[in-house]
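Structure first, then comments.
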Amino acid sequence: MRPPIIALDKLAALPQVYRVVIPERYRDMMGHMNIRWYLELYDEAGVYLFNEIGLTEQHYRDHGSGGFDLEHHIHYLNEVHIGDTVTVSARLLNRTAKRLHYMLFMVNETRGLLASTFECVNSYADLKLRRTAPYPDAVAQQIDAMLTQHLGLDWAAPTCGVMSA
């Protein structure tokens, strides 16, 4: 698989959902951010993405719902060092009644490089039944509004090619 080649200016059209300075405790024996922290940062960024589409903590409490990650793929492109500032931007790719396919893009602002990409399929869930469930209409409308914007972008998302909603 070829690494994604995306000009950073293309990512400006996407919502930036997270920003952080990498702390010392993320350092591994190679002197850069350990791979375990990438998933943590993507998980944090996902919370903010979901807030943007109406899937807030309050929504989940009120509806007895949540989400299940079904599959993800992380592509490591450029090192992230301690003290670097990274941002994460989100792009929706597709959805079904119960699933959302999306990507997150981690940019190392300090070095001006795309550091990593994260591709995920997530499902809405009824936590009382512990089963996947359709998105409520209000959430589906917010997803569709953002998805329409992202489908109109003039660049193809660098997906792994094996995941779909």
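Heads up: the sequence shown begins at 570 in this note's numbering, then just goes up one per residue. Note that the Cβ used here is the ideal one computed from N, Cα and C, for glycine as well. Bear in mind that the values here come from a model prediction, so they are computed numbers and not experimental data.
Note to self: My output table needs one value for leucine 661: the three-state DSSP class, helix, strand or coil.
What the structure shows: Reduced to three states, the DSSP call for leucine 661 is strand.
Notebook entry, point to check: Should leucine 583 go down as buried or exposed, given a rule of 16 or more other Cβ atoms within 10 Å for buried?
Noted result: The residue in question, leucine 583, is buried, as its Cβ has 16 or more Cβ neighbours within 10 Å.
Notebook entry, point to check: Residue range of the alpha helix (DSSP H) that tyrosine 671 falls in?
Noted result: Careful: tyrosine 671 lies outside any alpha helix (DSSP H), inside the beta strand (DSSP E) at 668-677.
Check: Got a sec? Which residues, its chain only, sit under 7 Å from alanine 684 by beta carbon, not counting five neighbours each side?
Finding: In its chain, beyond the 5 residues on either side, Leu646, Asn647, Val649, Val655, Met675, Val676, Asn677 have a beta carbon closer than 7 Å to the beta carbon of alanine 684.
Check: Taking the alpha-carbon positions, what's the methionine 733 to valine 690 distance?
Finding: According to the sequence provided, residue 733 is serine. The question's methionine does not apply to it. Each residue's Cα considered, the two are about 7 Å apart.
Item checked: Residue span of the beta strand (DSSP E) that contains tyrosine 645, given as start and end -> Element bounds for tyrosine 645: 634-645.
Checklist line | Beta-carbon spacing of tyrosine 519, isoleucine 651 below 8 Å | finding: Any property of residue 519 remains undetermined from this structure, which presents the chain solely from 570 to 734.
Check: Cα-Cα, which of Ala694, Ile591, Arg660 is closest to glutamate 609?
Finding: Distance check between glutamate 609 and each of Ala694, Ile591, Arg660 places Ile591 closest, using alpha-carbon atoms only.
Notebook entry, point to check: Just how far apart, CA to CA, sit lysine 579 and arginine 700?
Noted result: The alpha-carbon atoms of lysine 579 and arginine 700 are separated by roughly 37 Å.
Note to self: Please return the same chain residues whose Cβ sits closer than 8 Å to the Cβ of lysine 667, not counting the five positions on each side in sequence.
What the structure shows: Here lysine 667 has Ser692, Tyr693, Thr701, Ala702, Pro703, Tyr704 as same chain residues with Cβ atoms under 8 Å from its own Cβ, once five neighbours each way along the sequence are excluded.
Note to self: Within 10 Å of its beta-carbon, does glutamate 640 have 16 or more other beta-carbons around it, so buried, or fewer, so exposed?
What the structure shows: Glutamate 640 is classed as exposed because its beta carbon has fewer than 16 other beta carbons within 10 Å across all chains shown.
Note to self: Output needed for glycine 633: all residues of its chain with C-beta closer than 8 Å, excluding positions within five of it in sequence on either side, in chain order.
What the structure shows: Same-chain partners within the cutoff: Asp695, Leu696, Lys697.
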